[in-house]
Each structure stands twice: as structure tokens, then as C-alpha cells.
């Protein structure tokens, strides 16, 4: 919401005597006057000559005019200088008589204020009445009369409070120019920021011009400008302000219904009208211009009671009569009010824009529930062209009962609209929602959408990138909203970008062209008479309805273009498919005159959930060799009764369309046959075997299909898959964790921690008590096979205590492991496991024996994601689950040292291990379409491991310690019995299935390590690897420190 800055009255702080030099007796050659202190005396140039108010100067009056130019002299108010008039009507900062020659420069402050707070309605902040109680007050005012020669420049601040007042007002013809780069604030009904009559030079209004009050306007041009009119600052009709009592006050709906424009041009402008954008070219720096209006006031109004012609101005994207490189915005603010951005004409006189309108920036109009029109050309306007490479937008912030227009031409003269930007209707309305309305035109129009140079470069970069997809590629130009044309021969040429909306083409011979990557979602009505022509090429896409009234028409499709929709009134329509596809996007019967499908073309057929197929009826239908039938299925069905998809009076080339010509969703198989002049389609869903599904996928097949039938996007994603690997991937993503990764992780960590007990190098004779600390790390993987594969990694630590007894060493140890299992179906399983173990071990000479038993508690956190595609747009689902588990494990075994020398020995080893993991059931949270209720499961395994070890030491072992030793082991771990638990899961829709994974596999194993020890310690570092039958190389590392206590 725009607020007007507070304008405060600057009271006189001291009474100063006027220096004698300032009141010197006039002579034929007047001395110039400089005000360097504060004074209460007004000055006239006829007696004071050229007047300068320097940085420490000030003229402060309780009424009247501080400076009057009544002779051909100049006035300068320097930065820091000020002119102040208190709260009386009929006052001004500077007044110039008509007919003088002068230069007026303000770099200081001119304040014409009052102390007044208007009453408000009830307890609201809405002003009740006028915002001021004074009238006829000005910052700078050139009186009416003979032409005045002047250059007026404001780089400082002008503040005026008063009705029927103004900041800079030139009431006589002006030979010269006006420039503002400072700040002008005006509060008052029917007041103005800057107002001019005829100007022989340029009018450049920059800086900030803000006005508030009923009928207040920022800039008004009431005469002809023999130069350019440039808006290069912020022009604003404010809707609220800070009153003198410090409260915020807002204008009423009535006050905002005056209809007076924020910026109005009522005369001829030779050099065109431009709202600029920040730029720097040829050593010329430009700032950004903007216009903001509120209520029913247009932001920019061109035209008056007399006839108006706007010449030409060079803008960012070309030469135009009216150019918007910056921004023009209108906001209704209150319910029931209409908003208008740029309005041309409608004030009584004609308006000619021989160079048209160009938009590089933005033109917007926003209503709550009324009308909103971004650009309006009224009757009596001549403007043949409009080019947009910016944004033209009409918006309803609520549900509008009025009409929304991006571009509306009531003159009938706008015959060319070129769009490389965005023309948009946003929001809901019960009325028209027209992006472009040229229905008043009778001579014919051309609407063309294409890429500008920037768009061409961006699109080329997109196409060069890997994975470029026409359907989801960035859109660099678009029309959103309906298109209306008149009774001439009209052409809508969409070379690129997107159209979302309907086209209503009037009577006449109308043509629609689509090319490159263009997309159209909406209907095209070709009117009630004339011919209809639509051509599509390259990768163009059309989805909607083509409406004819049985007039002659042609639809030609080539390249890889796709036409998907329905046709009404097409009895005289001839369709030629040289490439791409033509077909229905709904069931029903479409009637045309002739269908010709070439060798590179395809006929599209739509099948709904009941098994009913779309049907094309034609007087003649011709299929060349190589022609295809593309079938889309809207929802799952088991099988269809034979459906007639083409019925022709004469069918040519029917034998060219066979079962091999069918293009079907990968889930379906089908056949096509000819019956007389008809083509008949039969469909059925493939079995799991036909799809080549794995055992788990096949087990969940019916449940997945049954569940997906309840969720439109999931169903569409599965139906639109075109290859088996993608379908299998989507199936896998919908499955729970089942392949055994959780069991593998828990048992792998337990097994690695238990290696310390199986190792006799940590036994001590110096003490009966020992301990160890051992960090460990492991990783492993399983290949994709019948079950989905996975990779896992984890680490942790074990800590143990033991004591020597007559029966051997008895002790306990604790191990903790944590890590992740990444299933190869977009699943991540976090695992934490804690295990407490009791063990016994003893050496009988060269024979070493051990046994241990453990109990563990595990926690699991699963994140699953599903990624699919619907109409080439990616969809993503997520599911999250967490559950607990507990495990039992046991290991027993022995090893035997065989010394071959003092430094080399071999060591056969054997052990047997048992694992059991019980996992609790859990309920997932996340996207309804994929969340599961998963039941409990239990997994067990019994493995036997045999290895042969080799050890080399740098010397013989002794009571004093162990020499540096290198060890290596090779062998095999064999799975003897036990199974991974089956996983039973239920979709939220009630579909249940059970998945049985592949069993635990045997593996070749090996390890290498180094160790050394002293009298009461041993350190060891070892690394192991294994190669299971269905996985990659698994690795593990552990580093231990054992100490005798």
C-alpha cells in the first residue's frame, strides 16, 4: 500500500533583519540577490534581480509568496536553502508571471504546508471528507497568459498541502523544458504533482512524485509537447498517508473512484511517451520509471477532449509512440472498483499512435472483484501494432464478478500483436478472462508469439543440455488467458512458448500455426463462417477442443507434433498426419471429412476406465505403410471388449495397420483388426510373466495396481511408462525394505565384533584380568537380482573385559554399530545396533577354543521416495517408517597353531555361528499413495566358517611380548540353514502382499593384519574382504588395543 510521506510545516525560528544590500535601491542594471540567512521578507525579481537562496538561506512567510518572478531573471534555491509558507490559501513558494524569460532551479526545499488532520469515519482510519481545508497552493507556479520562456528543474524537495493545488504547475505555454529528479509531495483533492500546458522542449519527470486526495494526479500534460515526455522516476497516487496527529489515514472508496489518471497526457507529444528502465548507453545513464495508481484511476492515460497524436521514442526494444520499459501498475484496492493500467482515448478526442505501443517492462492491473484491464484502447484510437517482451497482466485478487483483460482493443485498429514476453490473466472471474481481446477488429489481425534474442539464446542452451524434454522445458514466452479476434481473416501464430486458454476466432478465414516447442492447452473456436486452418510442426503440442461450425477446414500435423483433443462441427475438416500424432484425449465420437495418416504419423486412441475407446468417423480414411496407432489408457482395466476406433465410408490402407503398428502403455498388450471399413482394437493387461517382473515385483503386482487405482497421479505415472525397466523401477520404489539389508547390517557388525574373541593374540599371562577397545568399520553390497540390491556401510566400537579362571577366560563385551543401508530403489535405511555378549575362551597348548553368546537391540529408520512422471512432469512421493528389533547370536570355534619355524606358522580355523533377528511391524507416514503398514518379520541364519591362516613374525614369541607379526587368512563361510524373513505389507487402500527375498549366501573370505605386543599389551590392525555369491566385494577394518590389568 502506497503512503504519502509526511509534509511538515517548518515554523520560523528567528526574525532576522534584512541586510542593507538586499534592499538596495533599484537601478537600471539590477544587482543580483543572495539570501544567506533566514528572513521573513518576500522578494520580487523586478527589484531583487537574479535571486539565489544559498545553503544557509531561508525565506519563511505566514502567507503569500516568498519569491515572485515578475521580470526576466533567474531563481535558484540551492541545497540546504528553503522557502516556506504557512497554512493559508492562495500561496506558493515561487510564482512566475506569464511572458517572462527565466530559469527556475530548486535543489533545496519548498514547503507550502498546513496543520490539519481530517476527520475519519467512525472508529476507522478512513478519511471523512477532504484531506485539506486550504486551496490554490503551489510549490512553483507559472501563471496563465502569454508564453513563458523557462527552464524549470527540481532536484530538491517540494511539499504542498491544499486542494486544487500543485507541486509544479505551468499554466501558460512554455518555451523550454521541465525536469524533475527530486521529490514532489502533494496532499489535496483535485491537486497535481506536475502540470503543464504546451511545452516546446522535453518534459522529463523523474525522482519521486507522490500525490494523495480525491482526484489527485501525479502528472498532467494539458498541452502539446514538442519533444519527448519521459517518466524516469516513481509517479504515485497514494492511498494512505501520515496525518499531522501521527495517525495513518486512508482514502475512502468514494475518494478512489474519481477516475482521474495518475499520469495523463491530453496533448500531442512529438517525441513520444516513455516510462524508462535503468540503463547506461553512450554515456547516458537512465533510471527506472514507474507509475502506480489506486482505485478506478488509470495509471497512464493518453488522450483528451481534443485530437492527440503521439510521435516516436526510441526504447529498449524498438521505436514506439508509447513505450513502457519500466512499470505501470493500477490497483483497485477496494472491492467493487475497476483497475486500469494504460488507457488510450476515451476522453472525447481521437488518439493516433503511428508507431504503436511497446512493452519491455510491466503493465499490470489488479482488482479485488471488479474489472481489471492492463492495456485498453478505446474507440477513436488508431494504433496498429503492439509489441510485448515484458509482462502484461490483469489479476483478480478475489473472485471477480467483472472482466479481466490483458490487452483490450475497442478501436478495431490494432491488427498486430507480437509477444515475446508474458501476457497473463491471473485469478478467478465469472466474467471474461481475455489475455488478448481484438474482437472489435474487422480487417483481420495477426497475433504472433516467438522468442526474442534472449529467449533464443536461453532455449539453445537448454536444448544443448542433457536430458532436455520438450514437455517440461522452461517457457520463455506465454499467453495465459483467452484470445478473441474479430470478423476479418485472422492468424494466430505460436512459434514458441505456451498458450493456456481458449481462442475465439471470429468470422473470416482463420489460421492457427504452431511450431518449434510451442504448447497450447485450451480450445480453439474457428467461428461461424469462413475457412479454418491449423498447422503444427516440430515439437508443438496441442491439448483441447477444435470447434468448427461445419465450415471447410484443414488440420495438418508434421514433425513430432502432438494434437490431442476433441473436434466439434468437423464434418468438412480434412486431417493430414505426416508426422507426429493426431487423436482424442477423451472417449466419444469425432466426425471429420477425411483422415490421412502418413508413414511417419500416428492416430491417437483414448481408452477410459470402462474399457470404452474413442472413435473417429470419417468419410474417407487412409493409412500409409508405417502408420501407427498410439493408445493411451486413462485408468487400470483388466481387458476390453473389442472397440471400433475408426469407422470410415471408405478405408484405404487398413491392412497397413496391424498389431505391430500399436503403441501401448507397457502394462498392456493388444491387437488391432480390420472389419470392413472399420478398425477394431482389443486390449488386456499384461501378466507378471509378460512384463518380466521379478518374484517380489510379481508378488506385489496386483496390490500395486489395486492401490494405484485410488490415486490419479500414481495411476497415470504407471500407465504412461513406455518401457519395462522404468516400470520395474517404479514398482521397486513402491515396495518396503525386504531384501535383507537390515539383517545383513546387524549380523555383519556382530560378526566383526566377535572376531576379537576368536583371536588368541590378546591373551595375557602376566595378569588374570584384561580389557580391550576396538573401533571397527565395514561395508558390503548385494547385486540387483531377483530381489532388489543394496549397499551398506557402518562403523562402531566394541569394549570388553575378561578374567582368567581355572576353566578359562570368562568375560563380557559390548559392541555398538551404526550406519546406513541404501537399497537400490530409492530407499535409505538407517540402522543403530547395541549388543551385549558373554564369552569363554581357553588355550590348550596349541589348540585355542572359544564360545560366545549375545543379545542385541536394534532401531531402524527408513526413508522411501517414489519418482514418477505424469505428462512429462515429475511427481515425487515420500514415506517414512521407524521400528525396533532384537537379536540373538552365538558363535563357537577353535584354531590350531602349526609351527613351521620360529617365525612362520599356519593356523587352521573353524567356527559355527547362529543369528536370529526379530523386527517389529510399523506404520509408515508420508504420501498416502505409497505409505505401508508392514508386519513383523524374523530372519535366521546358521553359518560355518573354515579358514587357513598364515603368520610370519620378526622373532619368536616370549613372556616379554609378541614380536611384530603379519597374519593372513583365506577360507569360506558357508550358509547351512535359516532364511531371511518374508515381508508382509499393506497399502493404505487395503491391498496386501508378501515379499520373499533371496536367501543368505555363502561367501569366500580373507583377511590380513599386523600386530605387536609387550608384556601387558597388544595392538592389532586387520582388514578383511569377502565375495558373496550375489554381491560385490565386501570389506571390513578393525583396530584393537588389548591391555592386561
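Numbering (the working numbering), first residue to last: 300 to 1344.
The C-beta atom is built at its ideal place from N, Cα and C for all residues, glycine as well.
Model, not experiment: these values are computed from the prediction.
How many Å lie between residue 876 and residue 866 at the Cα?
15 angstroms
For residue 1286, count neighbouring Cβ atoms within 10 angstroms of its own Cβ and tell me buried if that reaches 16, exposed if not.
buried
Which partner residues does residue 947 have in the DSSP bridge list?
917
Is it buried or exposed for residue 1102, if we count other Cβ within 10 angstroms and need 16 for buried?
So residue 1102 ends up on the exposed side.
Taking only three categories from DSSP, how would you classify residue 992?
coil
For residue 655 and residue 620, which I take to be in contact (beta-carbon distance under 8 angstroms), what is that distance rounded to the nearest angstrom?
6 angstroms
Residues in its own chain within less than 7 angstroms of residue 997 by CB, not counting five upstream and five downstream?
987
Given this structure, state the Cα-to-Cα distance separating residue 1016 from residue 1294, to the nearest angstrom.
Approximately 23 angstroms, taken between the alpha carbons.
Just to check my reading of the structure: residue 743 and residue 807 have Cβ atoms closer than 8 angstroms, yes? What is that Cβ distance to the nearest angstrom?
7 angstroms
Taking DSSP as the reference, what is the three-state secondary structure of residue 673?
strand
Which residues bound the alpha helix (DSSP H) around residue 736?
Where residue 736 is concerned, there is no enclosing alpha helix (DSSP H), although the beta strand (DSSP E) it sits in stretches over 732-737.
Smallest Cα separation from residue 1200: which of 1253, 1212, 1232 and 1150?
1253
Does the distance from the C-beta atom of residue 341 to that of residue 358 stay below 8 angstroms?
yes
For residue 301, collect the residues of the same chain with a Cβ closer than 8 angstroms to its Cβ; drop the 5 residues on either side in sequence, then sort them by chain order.
Because the pLDDT at residue 301 is just 49, under 50, the model does not fix this residue reliably, and the value given afterwards should be weighed accordingly. Closer than 8 angstroms at Cβ, skipping near neighbours: 509, 535, 536, 537, 538, 539, 591 and 593.
Nearest by alpha-carbon distance to residue 457: which of 427, 448, 468 and 631 is it?
468
My output table needs one value for residue 762: the three-state DSSP class, helix, strand or coil.
helix
Do you know offhand how far residue 999's Cα is from residue 1283's?
10 angstroms
For residue 736, which residues of its own chain have a beta-carbon under 6 angstroms away from its beta-carbon, when the five flanking residues on both sides are left out?
704, 707 and 783
Alpha carbons only, please: which of 499, 495, 500 and 527 is nearest the one belonging to residue 518?
Comparing Cα positions, the closest option is 495.
Quick one: grab the DSSP three-state call for residue 1328.
coil
Expressed to the nearest angstrom, what Euclidean distance is found between the alpha-carbon atoms of residue 713 and residue 684?
6 angstroms
8 angstroms contact criterion, which residue 411 and residue 390 should meet: CB distance rounded
6 angstroms
DSSP state of residue 1114 mapped onto helix, strand, coil:
strand
Kindly indicate which residue of 1136, 1107, 1131 and 1123 has the alpha-carbon position closest to the one of residue 1146.
1107
Measure from the alpha carbon of residue 864 to the alpha carbon of each residue in 878, 849 and 888, then state which is nearest.
Comparing Cα-Cα distances from residue 864 to each of 878, 849 and 888, the minimum goes to 888.
Whole angstroms are fine: how far does the CA of residue 1172 sit from the CA of residue 489?
54 angstroms
Exposed or buried, which one is residue 1056 when buried takes at least 16 other CB atoms within 10 Å?
buried
Taking the alpha carbon of residue 1095 as the point to measure from, which residue in 1268, 1338, 402 and 653 has its own alpha carbon closest?
1338
Same chain only: Cβ atoms within 8 angstroms of residue 463, ignoring 5 sequence neighbours per side:
Close CB contacts of residue 463 within its chain, under the 8 angstroms cut and outside five residues either way in sequence, are with 434, 435, 487, 488, 489 and 490 (chain order).
Nearest to residue 709 by alpha carbon, out of 642, 1209 and 368?
Out of 642, 1209 and 368, 642 has the C-alpha closest to the C-alpha of residue 709.
Check for me: the alpha helix (DSSP H) holding residue 1047 runs from which residue to which?
1040-1053 is the span of the alpha helix (DSSP H), which, as asked, contains residue 1047.
According to DSSP, simplified to helix, strand and coil, what is residue 1340?
Residue 1340 falls in the strand class under three-state DSSP.
Sub-8 angstroms separation of residue 800 and residue 734 beta-carbons
yes
Secondary structure at residue 1176, three-state DSSP: helix, strand or coil?
strand
If you measure between the beta carbons of residue 688 and residue 640, is that distance less than 8 angstroms?
Taking 8 angstroms as the Cβ cut-off, residue 688 and residue 640 do not qualify as a contacting pair.
When burial is assigned at 16 or more other CB atoms within 10 Å of the CB, is residue 604 buried or exposed?
The residue is exposed, with fewer than 16 neighbouring Cβ atoms inside 10 Å.
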